[in-house]
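Here's the structure we're looking at; comments come further down.
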Ligand code: GCV
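Residue numbers (this note's numbering): 237 to 1085.
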C-alpha cells in the first residue's frame, strides 16, 4: 500500500474578503495585494483547504491561500480523509495521485512544476477515508498538484493570480513546468548595509557588519520571489566580503536561510576566491593546492551542517580588481571546480560569472575590445567545468547598457551549463528615477536566435535544452532595499515581476506580463490597465531615445555613478566602453574585416548579418561599426540627424508619461499615485538635460547642423550667468555639455545671493522653468519672485548621486501658469547650505499653449 502523508484538512465556514495579507508596517505588498479577490467570483470558491503533506513549504502554500481568500489560517490535524464537500486540495503528485486515481499515472509536469486541476466526485467513500467522513453528495475539488513541494507553492500562487485577474477558475486543467532549474536573484548587498548599485534604500539583509536582527522584510521578499517562481537568492555583493565565510558568520546565514525556507527560496552567497587566505588564514588560495581544496571542502561541509538546503555560491573572479585564478596561472575552470567539487555531495551549485575582462585596456589599440573578453576567456574552457558549475553570463558583451547585442558566449558553450544574467536594478537605465520597463529588452535577448543548431533562441540555450545540459537558467541582479516600494519607483516592480515570469516561461510576451502585473498590482480597471501598459511598453525605447541610441551604449558617466550624461567619460581610458566619436564619425568597428574581430565570435549566420554595415540593424549599427555622421540608416535618416531627432522625440515622449499618469489620479491608491507622479515629473525634466547634453556634444563634434534647427536654439531661455547677479558668480560646469552654455552660477554664501532679469516680452501667462543643480552635500533653497510677489519656494533636497554641478544633479522646477507683465523683474534668491552653493543654470519662460 502506498504510504500517504497525513493531511492537514480544515474546513472553513465563511469567506471574509477584504483584508490585505501579511500587512506589515513599511512593506508594500506589490503584486500580492489581492485587491481583486474582493469580487463575487472569488466568493463562489470553496471554503475548505486540505493539504496532504507536512512540509514547511506546503504549510506556507496553504496559509497563503487561506489568507488571500480571507479564511483563518489552516490548522494542522491528523486524519486522511478528503473533505466531503467542495475544497481546495494541495499536495505533491505522489501524495495526491493515490487519492485521485482518475488523474492517471503521469502528471505531465516535472521540476518545480504544478498542475491545477478541477475534479468532480459523484460521491463515494474516499480512499482511506473513515466511514464517518462519507456523505455521498457530489463535490468538486480544486487540486493544486506539485511535482515537488515548491511546485505546490507555485501552483497556489498561480491559482491566486488567476482569481485576482478575474479569470474563470471554475474548471481548471493547467500544467506548467518552469523553463529552467536555476531561477535565482542576486543582491549586491554589503555587510555594512549599503548596496552596490542599489537605488532603494539600505539592505534588508545586513546592518553594521552583521545579518540584520529583524528579518521581517527578508521573509516578505522571499514570499514575493516565490510568487514568481524564484528559487534561489545570493544575498551579498559579488565583490564579496570574505568575512561571510568565517565560522562565526555561518549561524547568521542560517537565520537568513530559515527566513527563506518556507518560500522555497534557497540561500546562496557570493564568495571571493581568496577566501582560503583571507577568511581561512592559509598562505595561498591556488585552487589546485591540496590545502586549499581541503579548506573549501571543510567550509562547505560545515555550511551544510547548519544549512542543509544551502543553494550554492556565486563567484566574481579576475574582474575589476577581484582576486582570481590567474594569480597562480590557473583557469576559471580550476577555480570553479575546486568549489563545485566540495558542493557536489550536497547538491549545491557554483555560479561562476563570465564578467571577466581587463579594465586597463589600451584605448589607442584599434584591435583592443572589452566586448570580446568573455568569449575569449571562457570559450576555450568549454567542457572543462564540472556538471554542478553554471557559467553566469551577462546578457550583453559589455555591461547592461541601454542596448547591446546578445553576448556571443551564450551561443558558444555546448558542453557547459549557462545562466543568463540580467539587471533588474537599473544601473545604466535611470536608477529607478526613470521609468524603464526592461522586459521587452530581455525578450529580445531571449528570443534572439544564435543559430548554433537549427533554430536556437537564447532561451533554449540557457534552459539547457539545446545541448541537453543538466543545469542552466537565470540570474538577475535585483537590489531591493528597505524602501517601502522595494525598488524605489513603484512601477519598477514590473521588472522584478517580469524577470521571474520570464525565467519561468520565456515564451510569455512583454505585453502579457505588463498586463498581468498591472492587474495584480492595481486591480482590473480597464482604464488603469490601458494607461499603465501604454506607459510601460514604450518606456525602454523612450529612455534609449534620449540617452544612447543606435547602439552607442548609454552615454552616461561611466567612471562615476552611471546616471546622468557624460559623453566623453567612455573614451581615452582602459574601461573599454568606447564609442569612438570624433569629428568625422562615430561607432566601434568590431568587424572581422577591418575592426576588432568581435563579430567573428558569433555563428556564421549572425556574423554575416552584423559584419555588413548594410544589413546590420540600425539599433546596433554604432555598437558594431564606425561610420561617418552622414551614413544613411535603414530609416533613411543620416546618423547625425537620427541622433538629433531621437533625443527630441525621447524628451517629448518622457513628458507624455506624466500626462498619462495624471489620468489615474483618484483611480488608484494615493500613495502609489503620488510616488510615481513625482518620479515621472522628475524624469521629464531630466530627459531634457540628457537631450541637450547629447545633441550639443554631437553638434559641436560633428559641426553638422540639425536640419530642424533645434540644437542650440533656445529662444525662451535666460542663462543664469547672463542675469543681474548679486553675490552669485559664474562657474564652469564639467562636463560642459551638462549645463546650458557650459556655465552656471554658484553662491559662496553664507548670505543668500540673487539673480534677476527684466521681462521684456509681451504680458501674458507663462510656465516658468528653473534649471538648478541639486547636489548631495547640502540642502540649498530657492525663492522665486516677480517684483515683490513670491511665487514659489523650494528646497534642493533630493539625493542625487553627486556633489558637483553636472548631468547627475541638473534638475528642473516648473511653476505653471504665472502672470507676467512686460517690464516686471524676476528674481531668484538662492540660500546655500552645507557644501551646496544654490547653483542655477537657466530660467526658461514658455508661453502657455
Ligand atoms: C558588482 C559593473 C558595475 C559594478 C559591478 C560589476 C559586476 O561594472 O558597475 O558595480 O560590481 O558590474 O557586475 O560585477
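Using N, Cα and C, we set each Cβ at its ideal position, and we do this for glycine too.
(request) List the DSSP bridge partners of residue 1078. (result) 955, 1007
(message) If the criterion is Cβ atoms closer than 8 Å, does the pair residue 879 and residue 916 meet it?
(response) no
(request) Express the C-alpha separation of residue 495 and residue 386 in angstroms, rounding to a whole number. (result) 15 Å
(request) Could you check which residue in 408, 439, 596, 409 has the C-alpha nearest to that of residue 422? (result) 439
(request) Find the nearest neighbour of residue 697 within the set 649, 605, 1038, 680, judged by alpha-carbon distance. (result) 649
(message) Do residue 803 and residue 933 count as a contact pair if the criterion is CB distance below 8 Å?
(response) yes
(message) Let's see if you can read the secondary structure: which residues bound the alpha helix (DSSP H) around residue 489?
(response) 486-497
(request) Would you check if there are 3 or more beta carbon pairs closer than 8 Å linking the stretch 823-837 to the stretch 653-660? (result) no
(request) Over the uninterrupted alpha helix (DSSP H) stretch that includes residue 778, give me the two end residues. (result) 762-782
(message) Quick check: what's the CA-CA separation for residue 558 versus residue 508?
(response) 8 Å
(request) Sort out for me which residues DSSP pairs residue 352 with in a bridge. (result) 380, 410
(message) For the ligand GCV, is there any heavy atom lying closer than 7 Å to the beta carbon of residue 433?
(response) yes
(message) Check this for me: beta carbons of residue 268 and residue 459, under 8 Å apart or not?
(response) yes
(request) Taking residue 869 as the reference, give the member of 883, 852, 860 with the closest Cα. (result) 852
(message) If the criterion is Cβ atoms closer than 8 Å, does the pair residue 447 and residue 483 meet it?
(response) no
(message) Determine whether the beta carbon atoms of residue 349 and residue 412 lie at a separation below 8 Å.
(response) yes
(request) Could you work out which residue in 908, 295, 300 is closest to residue 270 when comparing CA atoms only? (result) 300
(message) Following a CB-centred definition, is residue 1038 positioned closer than 7 Å to any heavy atom of the ligand GCV?
(response) no
(request) Rank 738, 850, 690 by C-alpha distance to the C-alpha of residue 872 and give the top, closest one. (result) 850
(request) Check whether the stretch 771-782 touches the stretch 616-634, taking contact to mean three or more Cβ pairs, one atom from each stretch, closer than 8 Å. (result) no
(request) With residue 979 as the anchor, note down where its beta strand (DSSP E) starts and where it stops. (result) 979-983
(request) Quick one: residues in its chain with C-beta nearer than 8 Å to the C-beta of residue 1030, no 5 flanking neighbours on either side, listed in chain order? (result) 1017, 1018, 1049
(request) Kindly indicate which residue of 923, 785, 456, 601 has the alpha-carbon position closest to the one of residue 671. (result) 923
(request) With DSSP collapsed to three states, give me the class of residue 672. (result) coil
(request) Would you mind sorting residue 883 into buried or exposed? The rule is 16 or more other CB atoms within 10 Å of its CB. (result) buried
(message) Which residue wins for smallest C-alpha separation from residue 800, given the options 1043, 467, 285, 620?
(response) 1043
(message) Quick check: the Cα distance between residue 550 and residue 450, rounded to an integer number of angstroms?
(response) 25 Å
(request) Kindly list the residues whose CB is nearer than 7 Å to the CB of residue 953, restricted to its own chain and excluding five residues on each side of it in sequence; keep chain order. (result) 976, 1078, 1080
(request) Express the C-alpha separation of residue 674 and residue 395 in angstroms, rounding to a whole number. (result) 26 Å
(request) Report all residues from its chain with a CB closer than 6 Å to the CB of residue 728; omit the five preceding and five following residues, and keep chain order. (result) 668
(request) Within the same chain, show all residues whose beta-carbon is closer than 6 Å to that of residue 929, passing over the 5 residues directly before and after it, in chain order. (result) 801, 973, 974, 1043
(message) Quick check on the DSSP output: what are the complete alpha helix (DSSP H) runs of length 4 or more inside the stretch 823-889, in order along the chain?
(response) 840-847, 857-860
(request) Reducing DSSP to helix, strand and coil, say where residue 620 ends up. (result) coil
(request) Closer than 7 Å by C-beta to residue 765: which residues in its own chain qualify, once you throw out the five before and the five after it? Chain order, please. (result) 751, 754, 755
(message) Can you check which of these residues, 430, 566, 457, 453, is closest to residue 444 by C-alpha distance?
(response) 430
(message) Could you compute how far the alpha carbon of residue 191 sits from the alpha carbon of residue 614?
(response) Examination of residue 191 is not possible in this model, given that the chain is present from 237 through 1085 alone.
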